[in-house]
Each structure stands twice: as C-alpha cells, then as structure tokens.
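First up is the structure itself, then whatever we jot down about it.
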C-alpha cells in the first residue's frame, strides 16, 4: 500500500478542506477503499478520516415524512432498524443480501453508494482500464465478460456498479446530500453515478472535495412498504455479488397498481431505474401480462457487452419475478435468505 | 512519524504506538501485539478468518485501519475464554466438531459470538447459516458450525432470542 | 508439543472406534494453536514476493532502486543477487520432485510466478516495496486453454501410472451394444485455496536451518530443502504441528517457501514470508482442467459391453503432472471391455499438482454423468443401472477386492435419502414454492493406499509412555486418531501418553496425502507399540518372579497399563513393575509401515454412494444443493466423529466442484481474473443446508494391519456427479461443463 498522510477530520468543513487536495480520499470504514488500496488499483496520498464527524451517524425521521440517513450509518444498523425495515423493506432486504455480516457491520451508507466496480480489469493493475488510467483502453472488452454491463455501457467501459443498497434506493427516488467547498447541494441518487460514455474515470457527479453527508428518502417512499421486494440472482446462495438484481415496489389501490417503481442492479455502471416499465405498469392489474410488458420495456435498450447476452433474458425474467413477489405482498419478516430466489414464499404478509 | 492510539484489547486498556498509518487492525494484532489468533486468509474481507469484535460488533480486521480505531474496544479470540473456562461458543465448536484444520476457527467463533449478540437470527438454522456465510471454511465444517452456534446460543439465553417459527431444516422434494 | 495438548473435556474412552473430540480442540478454539505465520523469532524481517503479470516472456527491468529507497526496505532479492543454490531448481530427482521458480533467470513461464522478493523491517514496507519494483516485460503470446497446443501422450500419469490402459475389445463391445452413448465432460482449473496461505518463517544458524512451515510431508520437505541448499537433512528442523489445510498443495515444498529461506540467507536474519491470496493462483499447484469423452455401450439387459474413457488435460510448459482422470473407470463398473487414454497439452500455467482426489474427482464427475446418461438411455433407474453393473472384481486388473461394501452403501444411502420415491423422468418434482427439485446419485471410490512411515514408542519404569512420529495433522485429526491407535495398542489411557507429531526431528511419518496417512502412520505406531509390549512381555513371561511367567508373548494382553494373562485375568502386573524388577529404565519400540504383498493379489478401494437433492429456479436458473446423503465404507473407523467430518468436507468439495469452483483465465493473457476468494467461489455456509454421512461397516483383513482404508478424499468423488445428475433430474438439462452455472440452465 502506498504511504499516505492520515488526517482525522473533526467537522465537515475541515473534512472538505482536507479532502479537496489532489490525491485525497475520504475514509469511512474503508471496506472498499482499503481493499482497492491493497491491490494497488487506487493509490491516494492522503486519507481524510470522516468517522468522527458529528451528526452523520444518525437516522432521522423528519416531520414531512421523509427519512434522512446519515452518511456514516452502518449498513447493518440501518437494515436492522425495525422501523426502517418496516417502512422500506426492499431497502433492508437489499442491504442484507449484500456482502457478509462483518462487512455490513463496518460499511457505511455513503460508502456503499460510493463503492467502486468489481470489474476484474479495474481491480487488476496489470490490465488496461480507462477508469483507472484514462485513455489506456479497456481490457474487459474481448475478455471475460460474463458479469459485465448490458445497459448504458460504452466502448470505453463495460463495468457495472456492484451496490445492492442503491437499487431500491434509486427506485424510491432517494436523494443525496453533498457538502463541498462551495456549500451543500442535494442531488437525486439516480444522477449521482455517471454512465461511462467516453469518460469512465468520472464515476459520480461529486467534484473533488465534495463529501456525501446523507441520503434522503422522500415522504412518498414509505407508501410502497406493503408491496416491495429486492431479488438478487447470484452464483452462491450468499456472499456473492449480483449477476442481476431487481427492486420492485408497488403502490396498489383497489386491486390495481397505482404506481410502480422498478430498478435493476448488476446491469450497468449505475443502479438502473426502469421508468418506462414503471409507466407501463401504472393503473394496470398486477398480472403476468403487465409484468412481462414491463420486463420488455426495462430491457428494451439492452445489448450484450461480450459473452453476457444471457443477462438480458435473465433480467427480464427477474423483473417478472420481482414484480410478482411485490404484488403478492411484502413478507411480514425479511426472509432468512434475504433477496434469495430460495427464500420460501411468505406465509404472513407485511403491514 | 509515530502516532499513539488507545485501544482496549481483551479488556486491557493500552496505549499503542502506530508508526505507520498503513497498519491494519489485523496486522497490528498479529505482528505488533503478537495476538495471532485472528488469521489472515485473504487480507481483503473475503474469507472472515480475521473476524474480531470492535466495540461489540464483528468486523473483518484486515479491512480496518488501526489508526482510525483510536479509542475502540477490541475483543479477539484470545480474550474470549475466562481463564480455563471456555466460552459456550468455544465449547460447542469442540463438541460439534465445528472445525478441522482450525485456521478459520478463531474467525468463525468470533463471528458466532457477534451473531449471537446481534440477536437477529434466533434459532432458525437457515438464518444462522446465512449469518455465518461471511466465514469461509475450506475443510467444510459448516454443518458442525451451524449446530455449534445453535447450541451455544440456546445455552447462553434461557429464552430464544427470536420467537419466530422454526422452519424444518430440510427441503424435501415431492413428486408432483 | 504434547505438553500443549490438554486432555479433552469430553471423554468417551481411549481406544479405537471411540468418537473422541479433537485433542487439539482447545488450542484451536482459543487461538493458541500456532500456525507457521504466527511465529516471530527475534530480529525477524518480512519478505514479500513480486509476481509476474504476464504468463510467458521475460522480465526486462525491475525498479530495484525505487523499492530499495522505500523506507524500511532492507534488501531486494532478484536473479542477480539471490544466494547460490547447490542444485538448479529445475533438476528432477524422482517423480516427487517438481521444478520450482527460485529466481533462476529472467524467464516467465506462468502468471503469478515470483520474479523478486523484497525484504523489509515491516510488512507494510515490504508490501509496498514489492509493488514499486513495477517489472517491465518482453511479452510472448501465452498458450491458454486445452485447444491452445498440440496434445501429446504423457510418459506417465499421476504418480507413475500408464497413460493408456485397455482390457478386452472396446470397439467390438461398442459395436455389439444395444445402446451406445458418447458424452464429453469438461472440468475447469481449480486451485486448492487452503484457508492458510503458504508461509515460512526461516532462521539460519550457520548451515543449520530452523523452519516454521506448513508441510504435508516433513521428511520429503527436509530432503528437498537440503538438496537445494547443499546441507544435511538432519540440519534442518521443520515444525509443522498444525496446517491450515493442505489438500495436496502443501505436499511438496512450494517455491515461495524456498524463496523465504533464500531471503533469510541473503539478509542473515530470520525472515517471514507469507503468500497473498492472489499469489496462490500460480506457483503452488492446481487441479488441471480436463476434457473427458466417455463412450459406453450396453446390452439389452442393461449391462455394459464396453467403457471407453478418454482424457485431455494440461500440464505446464516445464514440468509434468498429468491429472489421472481415467483411473476411476478402472475400478467402478463391470465391463468386459475397458479402455482409458490420457493426452495432455503444455500450457503457460504453473505446474498442476495433486489436489484432493487427484484424478478421481474430475474423472468421477464425468464417469458418473455418463453412467447416468446411459441409465436414462436404457430407461432404468440410475441406482438400478449401477447395481446391474456392479463390479465383483476390479474390471481393469481382474483382481478381487480386498473388501467392498458398496452394495450396503447404496442400500443404506438410498434408504436414508428416500430414493424409492424418485420419479424416473426428469422435471417431475417441485417444492412448495414452485422451484424444481431433482435427485441424483453418484458412486464414490478412492484407492486404499499405503506409504512408508516409521514410529517410536517408549515406556519407562516410572510409568510414563511416549509415542513419536513425524506425522501431520492438516485438519483430518491425526493428533486425535493416531493417539487413539497408540493408546489402544499400548493398552494405556490416551492422556497417559506423551504423543508427539508434526516435527521433522521425529521418526519419518511419511506424507499426509492419498487418504493413506492414518493407515500408514497408524500401522507404524501399531508396530512400535506392539514392539514395546512384546519386549515387556518377554521380560515378564521369562521371569519366574512374574505372575505372567510362562505365559509366552502371545499369552498376554496390554490393558490399563498392565500386562494381563489371556487365560487367567487375575494374573497381571503393571509395566512399571515389570521394568523395575528387570532393572530397566525403559523399553523402546520401533515400528514401520509400507505396502505389503497383499497388494499383489487384491484391489483395495474405499467405496461409497452419494445421493443429492438440488433445487433449481425454473426461470432464473439459480441452483442450490439442498440435501446430500453419503454412505461410505472405508474399512475400520478409528474415530467416527472425525471421519464424519472428513466425509462432510469431501461432500462440500463435491458441491464446490459441481456448482462453484473454477479459475477463470483470460484467454489473451493467461492470467486468472478471479484470483481471490470473492470471485473464486467456494461454498459458503448457506450453500450446504443439509448433510448426512452414514458410516457403513466394513471389515478388511488384507488392506493393512489396522484394516483402515482412508476417508479424506472419497467424499469428493461421487458427490459432484450426484449433483450434476440431480440437476438433470430437476430440469431435464444435461450440463456437461463444470461447474454448472445458472446461465447454462436459462
């Protein structure tokens, strides 16, 4: 690991000032950053430790019905917060389907959003990667691409974003609070991650020195609690990244879908919101035909980036399954195997 | 330039010089303090052999910078037994043969202790298996591990931590 | 060591057959068991390897200056300044010597080959120093994959078996068959990935060498290191009381361990070198990929007329280890005509090596798949088809089996599993959630081998007893099972024996491999203990003052620290009484073990039957092995608790083989792109929800004096095939490429 200067920030302004320097990176728990530093994929010369920043480790329910999740709230604390899991069950399920209990105990909400791709050509410093070294090329193209992107990719980069957490969050219109040298701003989570285009090194809209301070779920997000699921197809029963995942959330009225939310994971360099599919679902009966139409729409623009055409059909089928599960109601309790296709059908419904 | 941090390690508060900010908690424990129970199986948070409790929570010690943990309480496998009296999880691992080579065992046991403290899994074997899935065991002692965690947890709390129904442990195929 | 092994809290007696808990259990659950990398001799430095990014070519530059200038770096070891060796690392002396990469030149012959070692005061400095070397290369196009080179016929496969074997007329058998099938199965490169990375802590004292180093074979390691450094084997002391798993990868001294010893030589201080996980995908062996084609013919009665098993596999460009996949076909099913052939290609990889059930694991999955396909072609239940083709004698050799309780394994396993409820046709079962369920069976087999070992036993006039053997516990339970044998044969309580293993200054315990260690080391221990008892008996029965006088050696038995007359149990005396009266301080017994003449006359194998249930999502393809039942017959069982764990472990390796493990090589670079434990999948706890192992009784009077067949590897065989067959039964899809991943079932 490259030697670095360690700076412990005591307030947000100080953190932002220290983090704006070239070569600086923010350190929360470090589960992703240290992994990448050990492999040499990232080599920051200054780590700004933000774990002592006051007020960023709280979950705050606000009067308008929105929920503010501090950047430093640990993944497991959030998922195991009973009120949170009740209001946003797909988010809790996504959190618990990710990584391991140890990593969830350490990893923070903002760290999860900011985690980097698992593309092996990004993490392997012996490979060309436009994201790691702009202009060097993309060794993933023509390489082993089974798990690479099927949506929104470019010739410059076919990587995917690995987060589970972000998938239901983006479906629920979460926003991100960002503090920076010029003050604070709020950005929809859906706009935080950039598609690669011809500049895959620019992964998010955060500018140098900008620090994510919170995630906010808007008041209407809780209205989907009764019909929300996160499903994640993977190569192991647990402790594996998604091959493809889907978050489906429905607001049902009189046996019809009043409003639908749908997002996919493991398919693109950002959590992929399927708005056209949502539009098709609105005001329809929650039946197989509607779900299939939504699946077609969600994957309409998909194309393989290599030997991964199967992911397109897999994603379609997963969308149908996730919508169907959501329609039949959120389970009373998160399944023993969160997000798993092997979780038994719920016996009791939520809410 | 060395910086001092304060850690409470296995109940003993101590001031520890950190001569290099790159030192992880795992390397501090193993190479600095010679507490070698926590093992380095991957050094990248992928195997769980380095699991310790920090402030009561199980984490991967390989992915934590020591300098960042100033003020924390750390519990390692060496601090688990009370003298000659094994912790219930340790005793259950022996009774259920929850290990073979033993290399992943300190991490498995600390993970199990963390799991029981988290009180999320109850006595549902499937939840235990899921919650222990961050600890790889290449020898394949998973069956004994799951049994050991169930037994130790039951021994440690007179009431089950979770009152939810306990599903059957086997999925049985049925001819259609 | 033995003073570190506290007696168990739970005792069930001390003799063979008792389910004792592990005698090293307390050390292991308290973190006190010291593995190689846990040592810190005074003045120790840290060594970290730099490894090659390319798979074939030359290193043209190393930025040694950058590494040396990193604070804390003490030395950089390169081909230019490495200590001289007494033997070239490519010299071969016998079938068990493998070529090593010890910085002999600038050539690169596989990805992750060591190209330099950085030695520093701290681990952090050594690690960054190794990164700063930033090698430049002259790259050549690597040969990657089984189609990348011209196949050749190996001179030998495995550890010296012939590449081609044929009995009977296969062409005629296939021509005469009522049904024939031909099926090609592919298995990937797999890496052992023991949880403990290879490590060494090396201290030189002049020409004497002190090592903490995991090793599955201490005397062989001693010999190899002695040869390389030109010193006497006796001047090398290796401590290896605990291995964090071996699975074959620690059978031979690994190149990186020798590099650690060289680094200590270079800097004149103790050095610790521990491999990183990604570095283990190269210089420490792997299971080679295979492509196996099976051609089977059966007559109308469902009996095989011919079995042809052809294997294409890979070895490195610079050494030979040929995965002997066809061996299982020599043993398992009765056929009048049988042929196996092995061909290999040379690829730019590290040399493949023994990996848990080498040959049997990869061969079994192909054979069991093909047998299942043939059962289906015949319209027969897969278990019934196997029973019809039950081999009463070994097909390849014609020899009778020394024992074979496979029928009982089939019967007991099927009963426990509920096999009789299995519908014949695939795709018929669903669980309550609508997921597909399938059941499959596979036959397990592994040869019962014997290697060489020696042991020493001593009983003193103060009543103390000690047993010493350089045996190895890599998790299989040697600390416990071998001590049980010692206690049984000495007629002492297990805790009364100072039992020592895991150190090279003890009698040569042979190699912990080939599922033969308990049999081999146990037989040597039995011999040493019997020798002690015989000497005690001679002292007593020839002494008129002894109550045993005149009984003759065969007329006494050892029990509870006494010799007792067989014909009159009221007449006995303690070992101490015998020795004190004889004026002897102690008696020392020696024992040895090795293969004996019975092997000429009998085929010796353990057998088993594995029944698997899988659940498959019909739309999404995700697979889970929801239930496994294995029934195994492996001769005499020393400790059923530990044996069950070995079977479970093997069965989980079967799950891994069937569903998870594969090294994914970039075809352009020859570099494994998943060289880590996040992406090189092995099963996690949630992957194996239900396991059962049945220990089927079997007595074998021929295999060795203890009647032990070995249990370490057989569990892998049968299991993977059973799962693949269960996937077919669930889905109707016959997947012949391992591991079976969800995309193949969409």
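Protein chains in written order, with the numbering used here: chain A, 1 to 351; chain B, 1 to 176; chain C, 1 to 746. Note that CB positions come from ideal geometry on N, CA and C, so glycine has one too. Note that the structure is a prediction, hence the values are computed from the model and not measured.
- Counting only the same chain and skipping the five closest in sequence on each side, list residues whose C-beta sits under 7 Å from that of residue 573 of chain C. Translated into positions along the third chain, residue 573 of chain C becomes position 573. Spatial neighbours of residue 573 of chain C in its own chain (CB-CB distance under 7 Å, excluding positions within 5 residues in sequence) are listed in chain order as 540, 546, 547, 548, 562 and 563.
- Message: Just to confirm, is the Cβ distance from residue 532 of chain C to residue 589 of chain C under 9 Å?
- Response: By one-based count along the third chain, residue 532 of chain C stands at place 532. By one-based count along the third chain, residue 589 of chain C stands at place 589. Contact flag set, yes.
- Query: Residues of chain C with a CB under 7 Å from the CB of residue 156 of chain B: which are they?
  - Reply: Within the second chain, numbered from 1, the residue matching residue 156 of chain B stands at position 156. What residue 156 of chain B touches in chain C: nothing, since even the nearest Cβ is about 16 Å away.
- Item | Host beta strand (DSSP E) of residue 292 of chain C (start-end) | Translated into positions along the third chain, residue 292 of chain C becomes position 292. Element bounds for residue 292 of chain C: 290-298.
- Assign residue 395 of chain C to buried or exposed, taking buried as 16 or more other Cβ atoms, counted over all protein chains shown, within 10 Å of its Cβ. Numbered from 1 along the third chain, position 395 holds the residue referred to as residue 395 of chain C. Taking all protein chains shown into account, residue 395 of chain C has 16 or more neighbouring C-beta atoms within 10 Å of its C-beta and is therefore buried.
- Below 8 Å, can you find three or more Cβ-Cβ pairs linking the region 157-169 of chain A to the region 257-272 of chain A? In this structure the region 157-169 of chain A touches the region 257-272 of chain A; the number of beta carbon pairs closer than 8 Å is three or more.
- Within 9 Å, strictly: CB atoms of residue 648 of chain C and residue 399 of chain C: Here residue 648 of chain C refers to the residue found at position 648 of the third chain. Here residue 399 of chain C refers to the residue found at position 399 of the third chain. In terms of Cβ geometry, residue 648 of chain C and residue 399 of chain C do not form a close pair [threshold 9 Å].
- Task: With 9 Å as the limit, tell me which residues of the region 85-111 of chain C have their beta carbon closer than that to any beta carbon of chain A; keep them in chain order.
- Result: Those would be 111, in chain order.
- Item | Neighbouring residues, chain A, relative to residue 59 of chain B (Cβ below 7 Å) | Taking the second chain and counting its residues from 1, the one referred to as residue 59 of chain B is at position 59. Listed along chain A are 102, 105 and 106, each with a C-beta nearer than 7 Å to that of residue 59 of chain B.
- Query: Nearest-angstrom Cα distance between residue 346 of chain C and residue 313 of chain C?
  - Reply: The count along the third chain starts at 1 and reaches residue 346 of chain C at position 346. The count along the third chain starts at 1 and reaches residue 313 of chain C at position 313. Their backbone Cα atoms lie some 9 Å apart in a straight line.
- Query: For residue 484 of chain C, does the count of other Cβ atoms within 10 angstroms reach 16, so buried, or fall short, so exposed?
  - Reply: If you number the third chain from 1, residue 484 of chain C lands on position 484. It counts as buried.
- Message: Any C-beta of chain A within less than 7 Å: which residues of the region 117-135 of chain B qualify?
- Response: Among the residues of the region 117-135 of chain B, those with a Cβ less than 7 Å away from any Cβ of chain A are 120, 124, 126, 127, 130, 131, 133 and 134, in the order of the chain.
- Item | Within 7 Å of chain A by C-beta, residues of the region 56-81 of chain B in sequence order | Residues 57, 58, 59, 60, 63, 64, 65, 67 and 68.
- Message: Quick check: the Cα distance between residue 352 of chain C and residue 61 of chain C, rounded to an integer number of angstroms?
- Response: Here residue 352 of chain C refers to the residue found at position 352 when the third chain is read from its first residue. Here residue 61 of chain C refers to the residue found at position 61 when the third chain is read from its first residue. Answer to the nearest angstrom: the Cα atoms are 28 Å apart.
- Task: Could you name the residues of the region 21-48 of chain C whose beta carbon sits closer than 9 Å to any beta carbon of chain B, in the order they occur along the chain?
- Result: 21, 22, 24, 25, 26, 27, 28, 29, 30, 31, 32, 33, 34, 35, 37, 38, 39, 40 and 46: these are the residues of the region 21-48 of chain C whose beta carbon lies less than 9 Å from some beta carbon of chain B, given in chain order.
- Task: Counting only the same chain and skipping the five closest in sequence on each side, list residues whose C-beta sits under 8 Å from that of residue 137 of chain C.
- Result: Looking up residue 137 of chain C in the third chain gives position 137. Around residue 137 of chain C, the same chain offers 52, 53, 54, 57, 58, 59, 60 and 108 as residues with beta carbons nearer than 8 Å, after the five sequence neighbours per side are excluded.
- When the distance is taken between beta carbons, is residue 244 of chain C closer than 9 Å to residue 217 of chain C? By 1-based counting over the third chain, the position of residue 217 of chain C is 217. By 1-based counting over the third chain, the position of residue 244 of chain C is 244. No; because the gap between Cβ atoms is not below 9 Å, this pair is not in contact.
- Task: Would you mind telling me which residues of chain B sit closer than 7 Å to residue 363 of chain A, beta carbon to beta carbon, in chain order?
- Result: Chain A is shown from 1 up to 351; residue 363 of chain A falls before or after that span and cannot be answered.
- Task: Examine chain A for any beta-carbon lying closer than 9 Å to the beta-carbon of residue 13 of chain B, and answer yes or no.
- Result: Stepping through the second chain from its first residue, residue 13 of chain B is reached at position 13. Contacts with chain A at 9 Å (Cβ-Cβ) do not include residue 13 of chain B.
- Residue closest to residue 272 of chain C, alpha-carbon to alpha-carbon, out of C:263, C:278 and C:621: Reading the third chain from its first residue, position 272 is the one you call residue 272 of chain C. Measuring from the Cα of residue 272 of chain C, the nearest candidate turns out to be C:263.
- Message: Looking at chain C, is there any beta carbon in it that lies within less than 9 Å of the beta carbon of residue 143 of chain B?
- Response: The count along the second chain starts at 1 and reaches residue 143 of chain B at position 143. So, interface residue.
- Query: Does the beta carbon of residue 4 of chain B sit closer than 9 Å to a beta carbon anywhere in chain A?
  - Reply: Within the second chain, the letter at position 4 stands for residue 4 of chain B. Answer no: the Cβ-Cβ gap between residue 4 of chain B and chain A never drops below 9 Å.
- Query: Bridge partners of residue 602 of chain C, per DSSP?
  - Reply: Residue numbering aside, residue 602 of chain C sits at position 602 when the third chain is read from its first letter. DSSP, once it has assigned bridges, lists no residue as partnering residue 602 of chain C.
- Cβ neighbours of residue 93 of chain A in the same chain (closer than 6 Å, five flanking residues each side left out): Translated into positions along the first chain, residue 93 of chain A becomes position 93. Scanning its chain for C-beta atoms nearer than 6 Å, with the 5 sequence neighbours on each side dropped, one finds around residue 93 of chain A the residues 230, 334, 338 and 339, in chain order.
- Query: Residues in its own chain within less than 6 Å of residue 640 of chain C by CB, not counting five upstream and five downstream?
  - Reply: Residue mapping note: residue 640 of chain C aligns to position 640 of the third chain, counting from 1. Around residue 640 of chain C: 19 and 695.
- Query: What's the C-alpha gap between residue 26 of chain C and residue 137 of chain B?
  - Reply: Here residue 26 of chain C refers to the residue found at position 26 of the third chain. Here residue 137 of chain B refers to the residue found at position 137 of the second chain. Note on geometry: alpha-carbon atoms of residue 26 of chain C and residue 137 of chain B lie some 18 Å from one another.
- Message: Less than 7 Å between C-beta atoms, sequence neighbours within five positions excluded: which residues of the same chain meet that for residue 400 of chain A?
- Response: Chain A is shown from 1 up to 351; residue 400 of chain A falls before or after that span and cannot be answered.
- Message: Once DSSP output is grouped into helix, strand and coil, what is the label at residue 324 of chain A?
- Response: Here residue 324 of chain A is taken as the residue at index 324 of the first chain, counted from 1. Residue 324 of chain A: helix per DSSP, three-state reduction.
- Taking Cβ to Cβ, would you say residue 318 of chain A is nearer than 9 Å to residue 228 of chain A? For the purposes of this step, residue 318 of chain A is taken as residue 318 along the first chain, with counting starting at 1. For the purposes of this step, residue 228 of chain A is taken as residue 228 along the first chain, with counting starting at 1. Not in contact: residue 318 of chain A and residue 228 of chain A (Cβ atoms no closer than 9 Å).
- Query: If we cut at 9 Å on Cβ distances, does residue 125 of chain C have a partner in chain B?
  - Reply: In the third chain, the residue the question calls residue 125 of chain C occupies position 125. So yes, residue 125 of chain C belongs to the interface.
- Query: Using a Cβ-Cβ cut-off of 8 Å (strictly less than) and excluding sequence neighbours within five positions of residue 487 of chain C, which residues of its own chain qualify?
  - Reply: Locating residue 487 of chain C in the third chain gives position 487, counting from the first residue. So the list reads 14, 15, 493, 494, 496 and 497, once near-sequence residues are dropped.
- Task: Mind checking the region 265-292 of chain A against chain C and listing, in chain order, the residues whose C-beta falls within less than 8 Å of any C-beta there?
- Result: For the region 265-292 of chain A, which is checked against every Cβ of chain C, not one residue is closer than 8 Å.
- Task: Determine the DSSP secondary structure at residue 324 of chain C, reduced to helix, strand or coil.
- Result: To locate residue 324 of chain C, count along the third chain from 1; it is residue 324. Collapsing the DSSP output to three states places residue 324 of chain C in coil.
- residue 50 of chain C to residue 93 of chain C span [Cα, whole Å]: Numbered from its first residue, the third chain carries residue 50 of chain C at position 50. Numbered from its first residue, the third chain carries residue 93 of chain C at position 93. Distance between the alpha carbons of residue 50 of chain C and residue 93 of chain C is about 28 Å.
- Neighbour-count burial assignment, residue 140 of chain C, 16 or more Cβ in a 10 Å radius: Within the third chain, the letter at position 140 stands for residue 140 of chain C. Its Cβ having fewer than 16 others within 10 Å, residue 140 of chain C is exposed.
- What in chain C is Cβ-close to residue 337 of chain A, meaning under 8 Å? Start at 1 with the first residue of the first chain, and residue 337 of chain A comes out as number 337. Going along chain C in sequence order, the residues near residue 337 of chain A (Cβ under 8 Å) are 686.
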